[in-house]
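Protein chains: 2
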Amino acid sequence: MPKKLRLMIPGPTPVPPAVQEAMSRPIMGHRSKEFARISEGLYHKLRQVLQTQNQVFILTSSGTGGMEAAVANTVNPGDKVLVLVTGKFGERWRDLARIYKADVIEMNFGWGNPVDLDAVKTRLDAEPGIRVVLATHNETSTGVVNDIAALGAMLRDRDTLLVVDAVSSLGGIEVRTDAWNVDVLVSASQKALMVPPGLAIISVSPRAWERIEVCRAPRYYFDLPAARKALAKWNTAYTPAVSLFYGLDAALDLILAEGLERVFARHRKLAAATRAAVKALGLELLPPEAAASPVVTAVRSPGGTDADALRKVLADRFGIYFAGGQGELKGRIFRIAHMGYVDEADILCAVATLEVALATLGFDVALGSGTAAAQRVFLEARGEA
Amino acid sequence: MPKKLRLMIPGPTPVPPAVQEAMSRPIMGHRSKEFARISEGLYHKLRQVLQTQNQVFILTSSGTGGMEAAVANTVNPGDKVLVLVTGKFGERWRDLARIYKADVIEMNFGWGNPVDLDAVKTRLDAEPGIRVVLATHNETSTGVVNDIAALGAMLRDRDTLLVVDAVSSLGGIEVRTDAWNVDVLVSASQKALMVPPGLAIISVSPRAWERIEVCRAPRYYFDLPAARKALAKWNTAYTPAVSLFYGLDAALDLILAEGLERVFARHRKLAAATRAAVKALGLELLPPEAAASPVVTAVRSPGGTDADALRKVLADRFGIYFAGGQGELKGRIFRIAHMGYVDEADILCAVATLEVALATLGFDVALGSGTAAAQRVFLEARGEA
Chain C
1 MPKKLRLMIP GPTPVPPAVQ EAMSRPIMGH RSKEFARISE GLYHKLRQVL QTQNQVFILT
61 SSGTGGMEAA VANTVNPGDK VLVLVTGKFG ERWRDLARIY KADVIEMNFG WGNPVDLDAV
121 KTRLDAEPGI RVVLATHNET STGVVNDIAA LGAMLRDRDT LLVVDAVSSL GGIEVRTDAW
181 NVDVLVSASQ KALMVPPGLA IISVSPRAWE RIEVCRAPRY YFDLPAARKA LAKWNTAYTP
241 AVSLFYGLDA ALDLILAEGL ERVFARHRKL AAATRAAVKA LGLELLPPEA AASPVVTAVR
301 SPGGTDADAL RKVLADRFGI YFAGGQGELK GRIFRIAHMG YVDEADILCA VATLEVALAT
361 LGFDVALGSG TAAAQRVFLE ARGEA
Chain P
386 MPKKLRLMIP GPTPVPPAVQ EAMSRPIMGH RSKEFARISE GLYHKLRQVL QTQNQVFILT
446 SSGTGGMEAA VANTVNPGDK VLVLVTGKFG ERWRDLARIY KADVIEMNFG WGNPVDLDAV
506 KTRLDAEPGI RVVLATHNET STGVVNDIAA LGAMLRDRDT LLVVDAVSSL GGIEVRTDAW
566 NVDVLVSASQ KALMVPPGLA IISVSPRAWE RIEVCRAPRY YFDLPAARKA LAKWNTAYTP
626 AVSLFYGLDA ALDLILAEGL ERVFARHRKL AAATRAAVKA LGLELLPPEA AASPVVTAVR
686 SPGGTDADAL RKVLADRFGI YFAGGQGELK GRIFRIAHMG YVDEADILCA VATLEVALAT
746 LGFDVALGSG TAAAQRVFLE ARGEA
């Protein structure tokens, strides 16, 4: 029997049938009126999901392309840039800032910890002239969510842009771009937005535009002024991934129909059940629970067990794909994504198969105990336990 | 979020991606050489799955159409026909035989029981001149599997045709058409064969052809001699459901690649886990365990609980679709299909959600206990518990 693929990795995530169907519509020319009409609606919906009045652009690239666009358009060579690193994607900000010749100040909070806001405030006060802060909302590599609202408040009265990687949070965790004072927000299609990979999303505040207009860093494909010019006609500077635009449009319809609040509550509930299950199984979360992500749960592999061996059992036997650890955490953690098109039954299935995989590897597991813990969370969520 | 549909009803069943992809190929003319080439391969594969040298036909109809074809081509008005009823689909044979004006002898073994072979033998001996026996291999309505091998052996030296409904068994439970002496076997696309509904399959033995050639019952669309004439050119008498032919061809490739023995073993394992789980939850199987079907498990609703209320919770909350009881069993049983494109993770998911649904309805359930029982079956299946 061909394996049933059950993606529980933090992107790409499962694609709803309505999105798949939308993407199968005939390709149209991207300079056509029809495409402009679809784009206009799409950008309108995107601004609702980003909770912003800023202009929002869609780039045909991965999320990393969106991150590069953010740096290449806002950071001049020699600019003092503070990078808040909490894992692999914070390091990516750092690497991008270095490549664009920024004067990089790295604050590294360690893989598994959130940003220490007090330390950031102290640093900002001690280090005048920081032009840009690069931050990660949901650090996918460690399952940590950072407090962007607090960061934004801290920067409100400074001449410092806040640039945020919301690649894996947008559509799963609340992102209040304007209320949080986020100047440039970057996201991507293949995470909680439930679309296949290929699109980056980027929003730009008026304050950011002032910097962009005088930014001398080299860029062409990712040039935001060119994107702005094209957007005036609901178009893109270069050829867009037309079918992914259809898919994103359909996915945003699903998100707005469910309602943002309900989408976020669903992710919180699935995360709570996942955490309850792994704890009941005697496993340990990587991050402190207060900073644990609503979209991906990072779990330390139980003593001596290779996390990647565990993942292999799950993939080979059950078609369940968890993510592994990256960098220094390789083999030491596994990550269960509950991001996007995921429901309670998916979590119960993941936990029940995890129990079998743990037993298979000789870990002393009380079969059914993690499942029961997740079930209790779901029953309580309806006041039924 | 749009509900994820998890079909665990005894047809239609989930369709594998490779089958879905095959069905999306461009439609071709059904009198073309290309279609004949596909058909030739398809009929060859079908004979392997039916384990027969007999001619096999594909009719564009549901399985009921295939059953009508079997009766309309073999039963003359006034023929003595013995119908072995173990549930709804045995009753359908009876109704068809009556409509075609047979002299119907009904042996009814009750919903939930298998055919009593000794009683059949006694009846055959007592009642000379029975021309046709109509039997059900897997009685979908009650989760009972009947011993067709024994029936076939009993009829080998009598001038009595054995006509078998293998609609829900073929591709999930072994069917040895020739070795079991089955004259006419009927199946359909949407059960263990993993194809959407729309095709019936029917095989005809040389002995059955002798009857068919002199059968005076009226039929046109379901006329098997017309089908035979068309099949000589790898064609069909009337327009076939072309895309479903593509799908069936792809599904048979999957089944033959997995290997018939492994397909049957997988179904037996999934059934064993399902039965272990429901018993661990204190629920009662409808049939005696020795006659319990490898493709669908029928479970009595726990004291006082309306099975349909339970099914509603599962469908509304988890997107899990179990079947209900039919006829006299409505509201009193639910049926979990593990038929076709189903794997271990599907069973664990179904059991874990069933536990939540039972708790939701106030049934005293030890959360996780059914899941653990199913997990143990899977661990033992690999010698790991």
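Protein sequences appear in the order of chains C and P. Residues 1 to 385 (the working numbering) make up the first sequence, in order. Residues 386 to 770 (the working numbering) make up the second sequence, in order. C-beta: ideal position from N, C-alpha, C; glycine also.
Buried or exposed by the 16-neighbour rule on C-beta atoms within 10 Å, applied to residue i
i	result
L82 (chain C)	buried
Q375 (chain C)	buried
D568 (chain P)	buried
H522 (chain P)	buried
L285 (chain C)	buried
V214 (chain C)	exposed
R275 (chain C)	buried
G304 (chain C)	exposed
K229 (chain C)	exposed
I27 (chain C)	exposed
I99 (chain C)	exposed
L616 (chain P)	buried
G259 (chain C)	exposed
P77 (chain C)	exposed
T507 (chain P)	exposed
Identity of the residue in the options nearest residue i by Cα
i	options	result
G29 (chain C)	C:T239, C:I320, C:A292, C:G247	C:T239
M107 (chain C)	C:A135, C:R131, C:G129	C:A135
A200 (chain C)	C:W180, C:R216, C:T236, C:M23	C:T236
V360 (chain P)	P:T756, P:E406, P:P395, P:F442	With chain P covering 386 to 770 only, the question about residue 360 (chain P) has no answer from this structure.
A744 (chain P)	P:C734, P:A642, P:L695, P:L609	P:L695
V175 (chain C)	C:L231, C:N146, C:R123, C:A227	C:N146
D79 (chain C)	C:P128, C:A280, C:K312	C:P128
V296 (chain C)	C:A280, C:G282, C:D308, C:H267	C:H267
S424 (chain P)	P:K618, P:I394, P:R516	P:K618
A538 (chain P)	P:D503, P:G450, P:G451	P:D503
T74 (chain C)	C:P218, C:R25, C:R31, C:D364	C:P218
T142 (chain C)	C:E34, C:I212, C:K88	C:K88
S293 (chain C)	C:A97, C:D308, C:E139, C:V115	C:E139
Same chain, Cβ closer than 7 angstroms to residue i, neighbours up to 5 away in sequence not counted
i	result
I255 (chain C)	V49, G171, V263
A272 (chain C)	V377
L392 (chain P)	T398, P399, Y706
A626 (chain P)	T445, G583, L584
Other residues of its chain near residue i: CB distance less than 6 angstroms, five sequence neighbours each side excluded
i	result
K388 (chain P)	G704
E380 (chain C)	none
A315 (chain C)	Y321
L578 (chain P)	G556, A636
Q20 (chain C)	none
Y341 (chain C)	P14, P16, M194
S572 (chain P)	A551, V552, L555, I586
R702 (chain P)	none
G755 (chain P)	A662, A665, L666, V736, E740
R612 (chain P)	Here the sequence assigns Ala to residue 612 (chain P), which means Arg is not the residue at that position. Here the set comprises F442, A622.
Residue i - containing beta strand (DSSP E), residue span
i	result
S588 (chain P)	584-589
T521 (chain P)	517-521
E491 (chain P)	488-493
Q440 (chain P)	440-445
F719 (chain P)	718-722
R391 (chain P)	391-393
K410 (chain C)	It is not possible to answer for residue 410 (chain C), since the shown part of chain C is limited to 1 through 385.
A573 (chain P)	569-573
A392 (chain C)	There is no way to answer for residue 392 (chain C), as the model of chain C reaches only from 1 to 385.
D550 (chain P)	546-550
Residues near residue i by beta carbon distance below 8 angstroms, same chain, minus five either side
i	result
R94 (chain C)	V83, V85, V104, E106, L134
E289 (chain C)	R275
M339 (chain C)	P10, G11, T13, S168, G172, K191, A192, H267, V295, V296
Unbroken alpha helix (DSSP H) run spanning residue i, endpoints
i	result
K269 (chain C)	260-280
K88 (chain C)	88-99
F763 (chain P)	754-766
G324 (chain C)	Run containing G324 (chain C): none in the alpha helix (DSSP H); it sits in the beta strand (DSSP E), 320-324.
ask   = the region 727-745 of chain P: which residues have C-beta closer than 8 angstroms to a C-beta of chain C, in chain order?
value = D728, E729, A730, D731, L733, C734, V736, A737, T738, E740, V741, A744, T745
request  = Closer than 7 angstroms, Cβ to Cβ, to anything on chain C: give me those residues from the region 551-584 of chain P, in chain order.
outcome  = none
request  = Quick one: which residues of the region 254-278 of chain C get their C-beta closer than 9 angstroms to a C-beta of chain P? List them in chain order.
outcome  = L254, I255, A257, E258, R262, V263, R266
Within 9 angstroms of chain C by C-beta, residues of the region 703-720 of chain P in sequence order = F703, G704, I705
task = Residues of the region 41-59 of chain C with a CB closer than 8 angstroms to any CB of chain P: list them in chain order, please.
result = none
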